[in-house]
Structures are given as structure tokens and as C-alpha cells.
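Counting in my numbering, the sequence shown runs from 27 upward without gaps.
Glycine is no exception: its CB is placed at the ideal position from the N, C-alpha and C atoms.
These numbers come from a predicted model, not from an experiment.
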Amino acid sequence: MKRRIRRELKRRFSIADCARIDLETTGMRWLRSFPNFLPVVAALAIGGAGFLLQPSAHISPQSAPVQVAAAHAAAPSGDLFAPVAAVLRHPRCMNCHPRDDRPRQGDDRHPHLQNVVRGEDNLGFVNARCTACHRDENNNFSGVPGAPNWHLAPLSMGWNGLGDADLCTTLKDESKNGGKDIAALVEHMEKDALVLWGWAPGGDRTPVTPPHPEFITQLKAWADAGAPCPTAAK
């Protein structure tokens, strides 16, 4: 019960915090498009309820020890993609790789609150831009997550519902992945700040497993073997 109450408080404070940001950046165009939220924000502002919510402790990225995946060296080449696929299906990844226009939230992958949609540039619609709330780092007071270049992956890189074979093929398809060859894909998953956020998401969000260095070891083992894709199930 306490956890549900805390989440509800964080959700409401997220709205209030976004309202302040919206006032600074768009003159309240975003909030005015959702009139039902105005009473909530007003109540929070007038009541001073901010004192009820303690700021969350900041969780900074930690370097996990590299795990040598010896089992993968002896595995059939098609099986090398299995641990990669498991990471790509984690909610921290899948929430921003939908096959429709709705980003997802939470470990249960529910549709984004405030009716947020993709928009033409994957950065939200005109009155609900990603950057209105999501900044370069988490907002530990409101609970709004953040990382540099927060955005949805292109629709062509939607993953939910794909089996390992189709996921592998889609990932490697340069006509869908922004022109990335295998080396560029490895670099993207090894260094991109938005990708790295998944391993240190803060708050009560579940981080991606295994540790990032271990995942990169698995990813490079797959890449070095020629990036083979598993056979599609019949």
C-alpha cells in the first residue's frame, strides 16, 4: 500500500514539475492541452504538498565486473544472439522501441501517461514534446527519468512481439537501424548515454541485467562470429 501511495505521489509531482518546465519552455501550451491536469497542479502548488515527498537517492552508474562468458564460446553460432536478445527485451529497452506510436513506462510497460505519442521526429507531438519533461538526467524529486537525447527509437526499430530471428534480422538491417553496420551497433550499445541509462535508471526502476560490461562481452562475441541470426521457429 505504501509503495502504491508513493508511486501515485511521484506521478502527480511529475505532472507539477512538468507544468513548471512547460511554463518555462512553451508558455504552458502542453498543460493547456490537458485541462484535467490543471486542478491537480493547482492543488499541489497551493497546498505545498511537496514536503510530503522525500527526494530519491541519486543512483550513479557503477562499473560492474566483467564476466567472461565461457559458455558462449562453445555454443552454436546462432545461440550467440540469445543473451543479446534477452537484453533488448528488457523493459528499459523495449519501452522506447515500441511497434506503434505510444512509448511505454514501467516494468509492466504500460502506455505513457498524459497520452504522449511519437510525433513525426520521434520526440513527441507538438504539445507534448519529450524534452518538456525529460532532461539530461533523472529528476529525483519528480521521478521523471532523464538521459541525453531522450527520444523514441524509429518505428522501423520496434521490437515488441518479435522472435529472436526477426529481432536479429531487424537489428542488423541498415535500412531500418539508421545505417549502422555491426561495428556501429556495438559502439552504440557500448557508449550511447541513453543506452547506458538502462543499467543505472535510478528510482525504483529495474536496471538491465546482466551488468553492462558482461553484456558487451556477449555482444562482441556475437559480432566477432559474424553476427549470426538464429533460425526462425517453424
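| Query | Result |
| --- | --- |
| Would you identify the three-state DSSP class for Phe167, choosing helix, strand or coil? | coil |
| Assuming Ala253 contacts Ile208 (C-beta within less than 8 Å), just tell me the rounded distance between them. | 5 Å |
| If distances are taken between C-alpha atoms only, which option among Gly224, Trp185 and Arg115 comes closest to Asp126? | Trp185 |
| Looking only at C-alpha atoms, which of Gly169, Leu106 and Pro117 sits nearest to Thr232? | Pro117 |
| Would you say the stretch 242-250 touches the stretch 108-115, given that touching needs at least three Cβ pairs under 8 Å? | yes |
| For chain B, check one thing: does any of its Cβ atoms lie closer than 8 Å to the Cβ of Pro180? | In summary, chain B is missing from the structure at hand, where a single protein chain is found. |
| Use the C-beta contact count for Arg155: other C-beta atoms within 10 angstroms, 16 or more gives buried, fewer gives exposed. | buried |
| If I'm right that Val212 touches Ala249 with Cβ under 8 Å, what's the distance once you round it to whole angstroms? | 5 Å |
| In whole angstroms, what separates the C-alpha of Arg161 from that of Pro171? | 8 Å |
| Using only CA atoms, which one of Ala179, Phe151, Pro174 and Gly169 lies nearest to Cys122? | Ala179 |
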